Amino acid sequence: MKPCDQIHDQFIDALYGDLEPVPQQEFDTHLSACVACAAEFSSLRSTLDIMDRREAEEPGAGFWPEFADGVRAAIAEGERREEPRAPGPRPWPVRRAIQWRGRSRREDRRWQ
Amino acid sequence: MIGERNRQTAEMVEDEPLDFDRVVDRHQRTIFRLALGLTGNHHDAEDLAQQTFLKAYQSLNGFRGEASLGSWLHRIAVNTHIDRQRGHSEAVRRTQRSLDDRDNEVSSAARLHAVGDPEKRTESATIQRHIEQALQVLSPRERAVFVLRHYQQLKLREIASVLEVSEGTVKSVLFRALRRLRKALSFYRPELGLKEPS
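For the record, the sequence lines run as chains A and B.
Just so we're aligned, residue 1 is where the first sequence starts under the working numbering, counting upward by one.
Just so we're aligned, residue 113 is where the second sequence starts under the working numbering, counting upward by one.
This is how it looks when you write it as structure tokens:
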């Protein structure tokens, strides 16, 4: 019989019905002989059963055109922001430090 | 049409303009459902879903078609949600959770006006609240993995592709999420087969 830790590794596959027939049989055999693993598996199964009761309300038909409009608006806004800036002198001065004969000196400089 | 860009995708014919309107129309319900599972309320789900499509549109140049468009959209949605959650402090998340609880109470109350047995409606609303509270216990990543497997019904290898991790990691995160959900729902002890505390 497989050890318990190997069975635990198969819990997720077993819970979602993803075990192949032979491993499934080995899994079932282990659970029928191991009370602890059987209890652990059963409680995880019951947890999923509770989570299955979640009711996700779908929006009504009128929601989707507005949703698509919202996507369009966001895209249009994004494209508007990406439009290239008109050419011309930059409005802000650019400062740079200039080393001049061992002394540092700051000088404003505007773009040509 | 929402913009046209010449892109090759697994779902489009080579060199045909990509009709993004069609992409939104085809995937909006799935992505909204995913966003609802991740966020727990309609308002945030709508915002997350719209952001997902916006980001997809903006990063079309980076989509090379290795995964399906659907998987790619799932990845954007999950990553956007996780990034947002990462930016929030625990205090903000706690405040958000209590606001979400209020939202859920309101929508649960609205359902109470539906036709049906009042006692059953109350029980149903209570279970919905407990389920959402249990999901809020999970980390954003754990919640994403659980929602993708359990509600979106993606296979483990698909989730691994969405999250760009190994299947083993997905399984490990999912197992951890499940155990935390069990603990959060432990007051359903008879159903969970748990022993009463001594």
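The beta-carbon is built from N, C-alpha and C at its ideal position, and this holds for glycine as well.
Predicted model, so just to flag it, every value in this text is computed and none were measured.
Residues that residue i contacts on chain B, provided the C-beta gap is smaller than 9 angstroms
{"i": "isoleucine 7 (chain A)", "result": "Under the 9 angstroms cutoff, chain B gives no residues; its nearest Cβ is about 12 angstroms from isoleucine 7 (chain A)."}
Chain-ordered neighbours of residue i on chain A, where CB pairs are closer than 8 angstroms
{"i": "isoleucine 243 (chain B)", "result": "Ile50, Met51, Arg53 and Arg54"}
{"i": "phenylalanine 175 (chain B)", "result": "Here the premise fails: no neighbours, minimum Cβ distance about 16 angstroms."}
{"i": "leucine 181 (chain B)", "result": "Near leucine 181 (chain B) there are no residues of chain A at all, since even the closest Cβ is about 15 angstroms away, more than 8 angstroms."}
{"i": "leucine 166 (chain B)", "result": "Val71, Ala74, Ile75 and Gly78"}
{"i": "glutamine 197 (chain B)", "result": "None at all; the shortest Cβ gap to chain A is about 20 angstroms."}
{"i": "histidine 186 (chain B)", "result": "Result: empty, since nearest Cβ-Cβ is about 16 angstroms, beyond 8 angstroms."}
{"i": "histidine 155 (chain B)", "result": "Under the 8 angstroms cutoff, chain A gives no residues; its nearest Cβ is about 11 angstroms from histidine 155 (chain B)."}
Rounded Cβ spacing between residue i and residue j (contact assumed at less than 8 angstroms)
{"i": "leucine 185 (chain B)", "j": "histidine 154 (chain B)", "result": "Going by Cβ atoms, the distance from leucine 185 (chain B) to histidine 154 (chain B) rounds to 19 angstroms, so no, they are not a contact pair."}
{"i": "arginine 288 (chain B)", "j": "glutamate 254 (chain B)", "result": "6 angstroms"}
{"i": "glutamate 58 (chain A)", "j": "glutamine 240 (chain B)", "result": "15 angstroms between Cβ atoms; not a contact."}
{"i": "phenylalanine 27 (chain A)", "j": "isoleucine 7 (chain A)", "result": "6 angstroms"}
{"i": "methionine 1 (chain A)", "j": "threonine 29 (chain A)", "result": "7 angstroms"}
{"i": "valine 274 (chain B)", "j": "valine 190 (chain B)", "result": "6 angstroms"}
{"i": "leucine 31 (chain A)", "j": "alanine 38 (chain A)", "result": "5 angstroms"}
{"i": "alanine 161 (chain B)", "j": "alanine 147 (chain B)", "result": "4 angstroms"}
{"i": "leucine 44 (chain A)", "j": "arginine 294 (chain B)", "result": "6 angstroms"}
{"i": "alanine 256 (chain B)", "j": "isoleucine 194 (chain B)", "result": "7 angstroms"}
{"i": "lysine 283 (chain B)", "j": "leucine 268 (chain B)", "result": "6 angstroms"}
{"i": "leucine 166 (chain B)", "j": "alanine 74 (chain A)", "result": "4 angstroms"}
Per-residue contacts from residue i into chain A (C-beta, under 7 angstroms)
{"i": "isoleucine 239 (chain B)", "result": "Arg53"}
{"i": "arginine 145 (chain B)", "result": "Ala56"}
{"i": "histidine 193 (chain B)", "result": "Ordered by position in chain A, no residue passes the 7 angstroms Cβ test against histidine 193 (chain B), which lies about 16 angstroms from the chain."}
{"i": "glutamate 158 (chain B)", "result": "Phe67"}
{"i": "glutamine 170 (chain B)", "result": "Gly78"}
{"i": "leucine 148 (chain B)", "result": "Ala56"}
{"i": "valine 136 (chain B)", "result": "Ala68 and Val71"}
Contact set between residue i and chain B, taken where Cβ atoms lie within less than 7 angstroms
{"i": "threonine 47 (chain A)", "result": "Leu290, Leu293, Arg294, Leu297 and Leu304"}
Per-residue contacts from residue i into chain A (C-beta, under 9 angstroms)
{"i": "histidine 139 (chain B)", "result": "Simply none; closest approach about 11 angstroms."}
{"i": "leucine 266 (chain B)", "result": "Per Cβ cutoff of 9 angstroms: no residues; leucine 266 (chain B) is ~11 angstroms from chain A at best."}
- Which residues, in order along the segment 13-26 of chain A, keep a beta-carbon less than 9 angstroms from a beta-carbon of chain B? Asp13, Leu15, Tyr16 and Asp18
- Task: With 8 angstroms as the C-beta to C-beta threshold (strictly closer), list the residues of the segment 63-84 of chain A near chain B in chain order.
- Result: Trp64, Phe67, Ala68, Gly70, Val71, Arg72, Ala74, Ile75, Gly78 and Glu79
- Query: Along the segment 31-42 of chain A, what residues have a CB closer than 9 angstroms to any CB found in chain B?
  - Reply: Ala39 and Ser42
- If you measure beta-carbon to beta-carbon, which residues of the segment 245-259 of chain B are closer than 9 angstroms to chain A? Ala246, Leu247 and Phe258
- Message: Restricting to runs no shorter than 4 residues, where is the alpha helix (DSSP H) found entirely within the segment 233-268 of chain B?
- Response: 252-258
- the segment 272-285 of chain B: which residues have C-beta closer than 7 angstroms to a C-beta of chain A, in chain order? Hits within the stretch, in order: Lys283.
- Item | Complete alpha helix (DSSP H) runs within the segment 123-199 of chain B (minimum length 4 residues, chain order) | Runs of the alpha helix (DSSP H) inside the segment 123-199 of chain B: 132-151, 154-170 and 181-198.
- For the segment 18-62 of chain A, list the alpha helix (DSSP H) runs that are entirely contained and at least 4 residues long, ordered along the chain. 21-33 and 35-51
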